[in-house]
């Protein structure tokens, strides 16, 4: 079957216009993507081979940077921790995300509509804030911990160990798996599942041996993405790893900015290159596993129906899984943030009632930069998000149904930027905007921030698009081709309308991820382009944690409002 | 002085379209600087003081000089340094004025020739250690303090000087297990600078380092984390914390106690310099003079809640008050080349390794 699909890929000669004109939009899209991704990455590679900043006249070429980090015990410790955390979180997030997606998408669980936005909460709250929420609620003197001490005589959990970080990171990355798995399930006709049910399979068996295997591409991709995000993790380990001194690669990178006195770009770059190198085999593996994508095409010429699976006696276990997840991942940290936003101080022996205040919110609104940051963030998420989705769609079409070398390159281009920790890729973007003259005038505009965000989140967004695309069965496009439509026309008139709902859903998800992004934009901030994520970091440094909590809470409410507006006023669903 | 402010305000209100009059005591040709500055129209400041804190300064400056807008960028010290050197190397506009608490990085930039030489008419009013080659100026006078949790640490357990801090850690290490915090000197340049100074002023530094090791102290890169965790009771004692932030928080947080160490109190001064490649050099001069002026310093010691470095200023937080309280125990970190010694990678790594050896020795 594979060969049959591949054979139909190169458009047969003679179809649709001049061959050059036909290939031009695609070539242009790929070239632009490559430029946007490779410019910062190649600067980082070049920098890693130097002894000083690349713009410094005193630089010399060499491998000293690699020698230094390979000799540094901290690097190896950080590497081991990162690998442990990344694998641990993948092992937690993928099965749980898949299970939740199955429960939400396929069964008659009550209250699904209300639960869904809650599941997504961790994906739009800044990880630093989330981690801090855990500290306030479940840290050594957190209020649940104080309660536990009173009831049980001790705290049965710890927050600051490497396994704890892996668990928290795993749980908070469940949404990343959930969105891919659930959108894939949504597009899966339930006839096969029903057949299995009729043959006597339990909901668990249906999930394990029918539904989840069918959405393997989505699950595989999210495993790879979550693993990448695990290597890049910064906010969580900064807050949770510091107290016991556990370094991960990105906090090690952060350490390198100070360890030698002045920021050591060559060392930071060398670390980043090591991470990127680790990701190459992952991308190759993923491609190999997904070679045969046609197997998974589910929107076919003939419509499939989706019917909810009655849970029966499996209802309570399903509720328990969803409820426990929400409790640990959403209720615990959010209650910490909410509490912190409304008090002046907290902790051992503090009566919360006496400490209640609204001053934290007053300080947010008194400060024009904060209100501006709120507006900018909303603008970047909505309008910027829409343009981003349009760009991603173009890239999606450029590789759709083409299994040539270019597509393979794009696959890698898409994932690579996310492997570089946000702080460094942000710095690399500053360099690009500074040292590439045509881009200079755009540096202090919000465009620079938008571009950086879009490149960094390519992997996340592209997958949303391509999973929509992948599920449009080739027979629909082939039918159009048979009657003489060009590739462009097929894309515009067949494929695009079919994935319209998927695109709108992607827009919402991109909006959410842009709302919480922080490290990437730090170097591109200028007066007037403040965003909430970066404000939070800067406030944190100065010690105004009460304002951090209030601003973070406002941000959460804002995203919820955005989701509600989209759903109620415009009928946009998270997923079609 | 009130008269002068009133006059200036009046002038600002009545004559916004005209060039400002030269402040009293300034050379007559300052009128030219002022006129040029107003023509430039704005000054770009990169600063580690967050925008919210600096707002009163910006507002007051813009009232005084309505034709000069302040474009204020608040970034942390490392980002500021990274941005500045990259922007200068690219020949692109960067900050006109750099203002940072990372004193050593600032002096390094000055030593590498990034600063403009300028004889500020206000410079003679500054303490001598705060003026560096007429290229950089110390603008604040912020003590480095101990913090403690007021509910959980009382009486003799509150360290009053460096020796008692070390003694408490070494004698009561069980009680303070995992409960002591300070900056992570691997990650925080500020913490590193404080510790280097400590080794020069405090003979018992090794005892203290061992005490840290013995109690398995916790380290952070941000002041905020330390304040929060000592206030909540997760930690009990905090060492070498930036005092300005601690005192501001202690004002509204009943859990947080602050001690100015009695044997010696280090003082940090935010360093300001004008970039040699400033696009708005005259506006930068006017801004710098304003920050160093009695009026600007009064705002720094008042609404901004940092400490005024000038001795002739009356405000809530001033050098004068601190000096009165602590006498010759105040040890300002000088704005000078010596503080950049440990920016040399080899020396820095040696210091870090020596520190870690003592920690490990204490932990045994």
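Protein chains in written order, with this note's numbering: chain A, 1266 to 1841; chain B, 3 to 366.
We put the beta carbon where it would ideally sit given N, CA and C, even for glycine.
- Shown in chain order are the members of the segment 202 to 228 of chain B whose Cβ falls below 9 Å from a Cβ of chain A: 218, 220, 221, 222, 223, 224, 225, 226, 227, 228.
- Looking at the backbone, the Cα of residue 230 of chain B and that of residue 147 of chain B are separated by about 15 Å.
- When beta bridges are read from the DSSP output, residue 76 of chain B appears opposite B/49.
- Between residue 1531 of chain A and residue 1491 of chain A, the CB-CB gap reaches or exceeds 9 Å.
- The beta carbons of residue 1294 of chain A and residue 1659 of chain A sit closer together than 9 Å.
- Excluding five sequence positions before and after residue 1357 of chain A, the CB atoms of its chain that fall closer than 6 Å to its own CB belong to 1435, given in chain order.
- The residues 1500, 1501, in chain order, have a CB closer than 6 Å to that of residue 1392 of chain A in the same chain once the five nearest residues on each side in sequence are set aside.
- Under the criterion of beta carbons closer than 8 Å, residue 1817 of chain A and residue 1801 of chain A qualify as touching, at roughly 6 Å.
- Distance from residue 79 of chain B to residue 50 of chain B at the Cβ level is roughly 5 Å; contact confirmed, criterion being Cβ atoms closer than 8 Å.
- The beta-carbon distance between residue 268 of chain B and residue 213 of chain B, rounded to whole angstroms, is 19 Å. This is too long to meet the 8 Å contact definition.
- Taking C-alpha positions only, residue 1616 of chain A is separated from residue 238 of chain B by approximately 18 Å.
- Residue 335 of chain B is classed as buried because its beta carbon has at least 16 other beta carbons within 10 Å across all chains shown.
- Contact annotation: the segment 51 to 65 of chain B does not touch the segment 1656 to 1671 of chain A, with fewer than three C-beta pairs closer than 8 Å.
- The closest CA to that of residue 1326 of chain A, considering only A/1311, A/1334, A/1335, A/1346, is found on A/1311.
- Among the residues of chain A, those whose CB is under 8 Å from the CB of residue 94 of chain B are 1699, 1705, 1708, following chain order.
- With contacts defined as CB atoms closer than 9 Å, residue 1505 of chain A and residue 1413 of chain A fail to qualify as a contacting pair.
- In the structure shown, the three-state DSSP call for residue 1424 of chain A is coil.
- In this structure residue 1755 of chain A is in contact with residue 1745 of chain A, their Cβ atoms being roughly 5 Å apart against a cut-off of 8 Å.
- Here DSSP, grouped into helix, strand and coil, assigns residue 1325 of chain A to coil.
- At the C-beta level, residue 1520 of chain A and residue 1339 of chain A come within 9 Å of one another.
- As summarised for the segment 71 to 146 of chain B, the continuous alpha helix (DSSP H) elements at least 4 residues long and confined to that stretch are 79 to 91, 105 to 113, given in chain order.
- In this chain, residue 330 of chain B is not harboured by any alpha helix (DSSP H), its DSSP state being neither H nor E.
- Against chain B, the beta carbon of residue 1405 of chain A has neighbours under 7 Å at 236, listed in chain order.
- Between the alpha carbons of residue 1573 of chain A and residue 1594 of chain A lies a distance of about 26 Å.
- Looking from the CA of residue 1799 of chain A, the closest CA among A/1650, A/1637, A/1827 belongs to A/1637.
- As computed with DSSP, residue 269 of chain B is found in a beta bridge with B/145, B/334.
- For the segment 275 to 301 of chain B, the full-length alpha helix (DSSP H) segments reaching 4 residues or more read 283 to 294 along the chain.
- Listed as beta-bridge partners of residue 240 of chain B by DSSP are B/149, B/183.
- At least 9 Å separates the CB of residue 136 of chain B from every CB of chain A.
- One Cα belongs to residue 1495 of chain A, the other to residue 69 of chain B, and the distance between them is close to 50 Å.
- Non-local beta-carbon contacts of residue 106 of chain B in its own chain, meaning distances under 8 Å to residues more than five positions away in sequence, involve 191, 195, 341, 342, 344, 345 in chain order.
- The alpha carbon of residue 1365 of chain A has as its nearest neighbour, out of A/1703, A/1476, A/1643, the alpha carbon of A/1476.
- For residue 1805 of chain A, the CB contacts under 8 Å within the same chain, skipping 5 residues up- and downstream, are 1393, 1813 in chain order.
- A direct Cα-to-Cα measurement between residue 1363 of chain A and residue 1728 of chain A gives close to 16 Å.
- In the three-state DSSP reduction, residue 1615 of chain A falls in the coil class, being neither helix nor strand.
- Along the length of the segment 1395 to 1425 of chain A, whole alpha helix (DSSP H) runs at least 4 residues long occupy 1408 to 1417, reported in chain order.
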